[in-house]
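J.: The structure's right below; bear with me while I get my questions together.
Number of protein chains: 4
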Amino acid sequence: MPAMTPAELETFLHREFPQVAGDFRIEAADTAETVVRMAVADRHLRPGGTVSGPSLFALADVAIYLAILARIGPVALAVTTNAAIDFMRKPAAGAGLVARARILKLGRVLAVGDVLIYSDGVAEPVARASLTYSIPPAGA
Amino acid sequence: MPAMTPAELETFLHREFPQVAGDFRIEAADTAETVVRMAVADRHLRPGGTVSGPSLFALADVAIYLAILARIGPVALAVTTNAAIDFMRKPAAGAGLVARARILKLGRVLAVGDVLIYSDGVAEPVARASLTYSIPPAGA
Amino acid sequence: MPAMTPAELETFLHREFPQVAGDFRIEAADTAETVVRMAVADRHLRPGGTVSGPSLFALADVAIYLAILARIGPVALAVTTNAAIDFMRKPAAGAGLVARARILKLGRVLAVGDVLIYSDGVAEPVARASLTYSIPPAGA
Amino acid sequence: MPAMTPAELETFLHREFPQVAGDFRIEAADTAETVVRMAVADRHLRPGGTVSGPSLFALADVAIYLAILARIGPVALAVTTNAAIDFMRKPAAGAGLVARARILKLGRVLAVGDVLIYSDGVAEPVARASLTYSIPPAGA
């Protein structure tokens, strides 16, 4: 059973990351997969109408973070230690983005997850990423 | 000899990427190294006062992009295809960030660079990243 | 429909890569997934009985290469341009390794795939990797 | 001052990794940089005479491992947790390879380093890699 529901994850995100929480909506979170939607605004775009790399990175990062929280509960101070991301296709113009994240390892100290990012309604992924998070000791 | 001076790179950045150009100042650009400074504002921060991963990614991305332009001249449509980033230390509170980027390969189709990011005045790097850019054919 | 069957892929591997082909057996290859098994020999091991990083890298590399060939047919000169790999768990002692690779992008010039590697019979993956291949122009 | 000399690192490598130690010679090891040479043999080659990806990975991996040991002394059980590698140019035919590794972070639990690999006598690098090692607790 997940440690946090989508509604609890959203509440946590708004409390701890108020600067970015409005960009994201958590659509599903169970032990297999966490699904996060990003509404694409003008500030995420680059010349030619593509979504910027940092915006896609932010979506990948938050999706895996939330997937970890869905497994272990609220841990505000987990930090990304490593990320690898492939930008594979130009996102569809005017479409939102959907990230599907899964946790591949949940260790005592490190967690590893990967994520595929899609333009809403398009079968082929826009980007993929894998990230490692360092999890602070309980009570830290 | 570099194809663009720091002043030309800044002008280019402001014209093509007006949404983010104000965050960055180009301190040096020659064939060996391009140095980009980022003023850290509240919107770049995370709980605990650390600079967010996407903000560090944005700095790495722009620094390598500008290092490519310093070598080949203005190419608005080069796109990042791949990035790997290690977040190694918490940035110093209240300090700006300085990225030092170099180009390791400048091919006809792909360019590869890496970058070290420092808190201003601190010897040990905050982050490292390597990125691949796809360069559009001349005339595209 | 796949462009090559598992038997055709094995024949190709033995002809083009005779030095390593004996390590690998192709169990399945369709457009969704290519499954490659590696028999673990002493030369793949490290102190403590773990499989060496380069051996896991070799398995990831060949699995994605074969997954590309299963899609486009025999191309001897495709080369890896980039790889990111996470080593997540120690492989089970005495067990073979199974790699499950999928192609996420198959462009004219670049292909991107990712792969999970398991100890045979164990549910949690040993490693994950994502690789980019450069595909030579037809006729090269 | 380095914790181990090149001669001590070679002795350690031969004792702990006898299967691969013969491939490598440690040319220099100080706190700034560790330089490792690999003699290229037929078993490292691929069709077209290029050095295989796993062989370049092995060189990157051992160079950073030795760079860590040069800093902290002999630790047999450090393991690679993550690697990102870019293959940028075809190595020169018949030339040995030289890896130049530096440590960017040496934490209590994780160490991060990066490495450039050159064909002997050629100015432009063949490959670059960054790796993270997990360091076992003292006394483990």
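Residue numbers (this note's numbering), protein chains in the order written: chain A, 426 to 565; chain B, 426 to 565; chain C, 426 to 565; chain D, 426 to 565. Idealized CB from N, CA, C, for every residue including glycine.
Using a 10 Å radius around the Cβ and a threshold of 16 neighbouring Cβ atoms, would you call V534/C buried or exposed?
T.: With fewer than 16 Cβ atoms within 10 Å of its Cβ, V534/C is classed as exposed.
J.: Going by the beta-carbon positions, is the gap between L491/A and V461/A smaller than 8 Å?
T.: Result yes, Cβ atoms of L491/A and V461/A sit closer than 8 Å.
J.: Evaluate D539/D with the Cβ neighbour count: other Cβ atoms within 10 Å of its Cβ, from every protein chain shown; 16 or more gives buried, anything less gives exposed.
T.: So D539/D ends up on the buried side.
J.: If distances are taken between C-alpha atoms only, which option among L531/C, I493/C, I528/C and A483/C comes closest to G447/C?
T.: Of the candidates L531/C, I493/C, I528/C and A483/C, the one whose C-alpha sits nearest the C-alpha of G447/C is A483/C.
J.: What does the alpha-carbon distance come out to for the pair P499/D and L556/A?
T.: Near 29 Å, if we compare the C-alpha coordinates of L556/A and P499/D.
J.: Alpha carbon to alpha carbon, what distance is there between L470/B and G519/B?
T.: Going by the C-alpha atoms only, they are around 10 Å apart.
J.: Check each residue of the region 497-526 of chain D: if its Cβ is closer than 9 Å to any Cβ of chain C, include it; give the result in chain order.
T.: Cβ contacts with chain C: A501, L502, V504, T505, T506, N507, A508, A509, I510, D511, F512, M513 and K515.
J.: Distance cutoff 8 Å, beta carbons only. Does V534/C sit that close to anything in chain B?
T.: Judged by the 8 Å Cβ criterion, V534/C is in contact with chain B.
J.: Report yes or no: is there a C-beta of chain A within less than 8 Å of the C-beta of A483/B?
T.: Yes, contact with chain A.
J.: Helix or strand or just coil, what does DSSP make of I493/B?
T.: If DSSP states are grouped into helix, strand and coil, I493/B belongs with the helices.
J.: Measure from the C-beta of S559/B to each C-beta in chain E and report whether the shortest distance is under 8 Å.
T.: In the structure shown, chain E does not exist; the protein chains are A, B, C and D.
J.: Please report the distance separating the alpha-carbon of V547/C from that of T475/A.
T.: Roughly 41 Å separates the two Cα atoms.
J.: Does E408/B get closer than 8 Å to chain A when you measure Cβ to Cβ?
T.: Because chain B spans 426 through 565 in this model, residue 408/B falls outside it and cannot be assessed.
J.: Does any residue of chain C have a CB that is nearer than 8 Å to the CB of D448/B?
T.: No, D448/B lies away from the interface with chain C (no Cβ there is under 8 Å from its Cβ).
J.: Can you grab the Cα-Cα spacing for the pair L438/B / A432/B, in whole Å?
T.: Rounded to the nearest angstrom, the two C-alpha atoms are 10 Å apart.
J.: With E433/D as the anchor, note down where its alpha helix (DSSP H) starts and where it stops.
T.: Unbroken alpha helix (DSSP H) run through E433/D: P431 to E441.
J.: When you compare the CB of S555/C with every CB in chain A, is at least one pair closer than 8 Å?
T.: So, interface residue.
J.: Distance, Cα to Cα, I578/D vs P562/A?
T.: This structure does not reach residue 578/D, given that chain D is present from 426 up to 565, and the question cannot be answered.
J.: What is the rounded straight-line gap between the Cα of A565/A and the Cα of L531/D?
T.: Only weak support exists for where A565/A lies, its pLDDT of 47 falling under 50; the value from the coordinates is given anyway. Computed Cα separation, rounded: 22 Å.
J.: Count the other C-beta atoms from every protein chain shown that fall within 10 angstroms of the C-beta of G478/C, then say buried if there are 16 or more, exposed otherwise.
T.: G478/C comes out buried.
J.: Rounded to whole angstroms, what is the Cα-Cα separation between T505/A and F442/A?
T.: Cα to Cα, the separation comes out at about 15 Å.
J.: Is there a Cβ from chain C that is less than 8 Å from the Cβ of P550/A?
T.: Yes, its Cβ sits closer than 8 Å to a Cβ of chain C.
J.: Compute the beta-carbon to beta-carbon distance between D511/B and A552/B, rounded to the nearest angstrom, for a pair I have assumed lies under 8 Å.
T.: Yes, they are in contact, since the Cβ atoms of D511/B and A552/B sit about 6 Å apart, within 8 Å.
J.: Would you mind telling me which residues of chain A sit closer than 8 Å to V461/C, beta carbon to beta carbon, in chain order?
T.: Within chain A, no residue comes near V461/C; the closest Cβ sits about 19 Å away, beyond 8 Å.
J.: Taking the C-alpha atoms as reference points, what is the distance between A489/D and N507/D?
T.: Checking the sequence, you will find Ile at residue 489/D rather than Ala. Approximately 12 Å between the Cα atoms of the pair.
J.: Give the single residue among D455/C, V445/C and M426/C whose Cα lies nearest to the Cα of A466/C.
T.: For the residues D455/C, V445/C and M426/C, the minimum Cα distance to A466/C belongs to V445/C.
J.: If I follow the unbroken beta strand (DSSP E) through E452/A, where does it start and stop?
T.: Taken as a continuous stretch (DSSP letters only), the beta strand (DSSP E) holding E452/A covers F449 to A454.
J.: Pull up the DSSP beta-bridge partners for F512/A, would you.
T.: F512/A pairs with A552/A.
J.: Looking only at its own chain, which residues have a Cβ that is under 7 Å from the Cβ of S480/D, when we skip the five neighbours before and after it?
T.: Closer than 7 Å at the Cβ level, and outside the excluded window around S480/D, lie H469.
J.: Taking the alpha carbon of R514/C as the point to measure from, which residue in M426/C, E458/C, R525/C and S544/C has its own alpha carbon closest?
T.: Ranking M426/C, E458/C, R525/C and S544/C by Cα distance to R514/C puts S544/C first.
J.: From A503/C to Y558/C, what does the alpha carbon distance come to, in whole angstroms?
T.: Between A503/C and Y558/C, the C-alpha separation is close to 6 Å.
J.: Please name the residue, chosen from P516/B, I493/B, E549/B and L522/B, that lies closest to R450/B on a Cα-to-Cα basis.
T.: Among P516/B, I493/B, E549/B and L522/B, the Cα nearest to that of R450/B belongs to L522/B.
J.: Shorter than 8 Å from the beta carbon of V537/A to some beta carbon of chain C?
T.: Yes, its Cβ sits closer than 8 Å to a Cβ of chain C.
J.: Return the residue from the list A517/C, I528/C, G473/C and R440/C that minimises the CA-CA distance to P550/C.
T.: For the residues A517/C, I528/C, G473/C and R440/C, the minimum Cα distance to P550/C belongs to A517/C.
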